[in-house]
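Let me begin by presenting the structure, written as structure tokens, before commenting on it.
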Amino acid sequence: MDMSFWTAAVGTDAAQNKLNIVSNNLANINNSGYKTKNPVFSELINYNLNGPREEKTDLQAGAGAIVSEAPTNFSTAALTNTERDMDYALTADNEFFLVQNQETGERMLTRTGHFHAGQRPDGSYVLMTDSDKMVLNTQGQPVVMNMDEQTADEEGVLADGQEIGVYTLPYPSRLLNVGDNEYQVREGDNNPITLVQDPQMIQGALEQSNVDMAREMVSTIEAQRAFSYTLRMVTTSDEIAQTINSLR
Numbered sequence: 001m002d003m004s005f006w007t008a009a010v011g012t013d014a015a016q017n018k019l020n021i022v023s024n025n026l027a028n029i030n031n032s033g034y035k036t037k038n039p040v041f042s043e044l045i046n047y048n049l050n051g052p053r054e055e056k057t058d059l060q061a062g063a064g065a066i067v068s069e070a071p072t073n074f075s076t077a078a079l080t081n082t083e084r085d086m087d088y089a090l091t092a093d094n095e096f097f098l099v100q101n102q103e104t105g106e107r108m109l110t111r112t113g114h115f116h117a118g119q120r121p122d123g124s125y126v127l128m129t130d131s132d133k134m135v136l137n138t139q140g141q142p143v144v145m146n147m148d149e150q151t152a153d154e155e156g157v158l159a160d161g162q163e164i165g166v167y168t169l170p171y172p173s174r175l176l177n178v179g180d181n182e183y184q185v186r187e188g189d190n191n192p193i194t195l196v197q198d199p200q201m202i203q204g205a206l207e208q209s210n211v212d213m214a215r216e217m218v219s220t221i222e223a224q225r226a227f228s229y230t231l232r233m234v235t236t237s238d239e240i241a242q243t244i245n246s247l248r
């Protein structure tokens, strides 16, 4: 295959991947606790047209670039006052609520603090997320709720001695996104989760997404133009190939 076709195809794919990431950011701009993902490009191998790769010549060519990763930006965002007792907002970077899947026991981290009281099979009530995962306390156990028989399931108060745990870890950028604004430590990754002492948490508020609309729109334009340029490169390479074939 002609190298120009390969470079153009790789560039088109990279531009499409960037556009997908930006589109996902924009789609979640009103999703409480959502954290922006930023595409990172890596340059593919450069080589010399004449001579070894390490030799410094004026005849160098590249093989394009790819989106190698899309790390999550865990910086804090603006808060919205909800005046709802079961809404909690974290105001420091790289701090999370620890939640647990009731069926599998898997633990995940989230910045979304929109909680409600949910009933377990044994009849007890615990604090849960919108995806029905149990919120854990400072001892790593489900946060127990006191419920009045006349209140709705989503209302209640924390039982005596219960305190919502806030946790952190040294390398949040290495977390694996598992959906629903939830993250997991990658298997085998030495990234210990530790309890935050005296966390900065506000009750009756929710953290908004940290998506910057202006920045994402600029990124959209960049990705669209890059996509059109690489497609034009394919067209030009095809025209050259046709001309060469006609001369034969």
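Numbering (the numbering used here), first residue to last: 1 to 248.
Cβ atoms here follow ideal geometry from the backbone N, Cα and C, with glycine treated the same way.
Proximity to residue i [Cα-Cα], best of the options
i, options, result
"A77", "N94, P199, G188", "N94"
"A65", "V40, Y34, E83, N190", "V40"
"G33", "Q184, A205, N191, H116", "A205"
"V67", "N25, K18, I193, M213", "K18"
"V130", "T72, H114, P121", "Looking at the sequence shown, residue 130 is not Val but Asp. Nearest C-alpha to D130: H114."
"A223", "S4, I21, F5, V185", "I21"
"V126", "M213, Q102, K37", "Q102"
"Y171", "R84, E83, F96", "F96"
"Q100", "L136, S4, E239, Q242", "L136"
"G161", "Q139, L176, K133, E83", "Q139"
"V249", "Q119, T168, N73", "Nothing can be reported for residue 249: it is not among the residues displayed for the chain, which extend from 1 to 248."
Buried/exposed call for residue i, threshold 16 Cβ in 10 Å
i, result
"A8", "buried"
"M1", "Residue placement at M1 is poorly supported in this model, since its pLDDT is 49, which falls under 50; the coordinates still yield a value, given next. With fewer than 16 other Cβ atoms within 10 Å, it is exposed."
"R232", "exposed"
"Y229", "exposed"
"D153", "With a pLDDT of 49 at D153, under the threshold of 50, the modelled position of that residue is not reliable, and no figure is offered here."
"T194", "exposed"
"M128", "buried"
"G188", "exposed"
"D87", "buried"
"V178", "exposed"
"S246", "exposed"
"T12", "buried"
Distance between beta carbons of residue j and residue i, contact taken as under 8 Å
i, j, result
"E182", "L109", "7 Å"
"P142", "V166", "Going by Cβ atoms, the distance from P142 to V166 rounds to 15 Å, so no, they are not a contact pair."
Host beta strand (DSSP E) of residue i (start-end)
i, result
"R107", "107-110"
"L231", "L231 -> not in any beta strand (DSSP E); alpha helix (DSSP H) instead, spanning 213-247."
"F115", "From DSSP, F115 is part of no beta strand (DSSP E); its letter is neither H nor E."
Beta-bridge pairing of residue i - partner residues as DSSP gives them
i, result
"N17", "Bridge partners of N17: none, in fact."
"I66", "S42"
"E182", "T110, G179"
"M145", "L158"
Test: residue i CB closer than 9 Å to a CB of chain C
i, result
"T76", "No chain C appears in this structure, which consists of one protein chain only."
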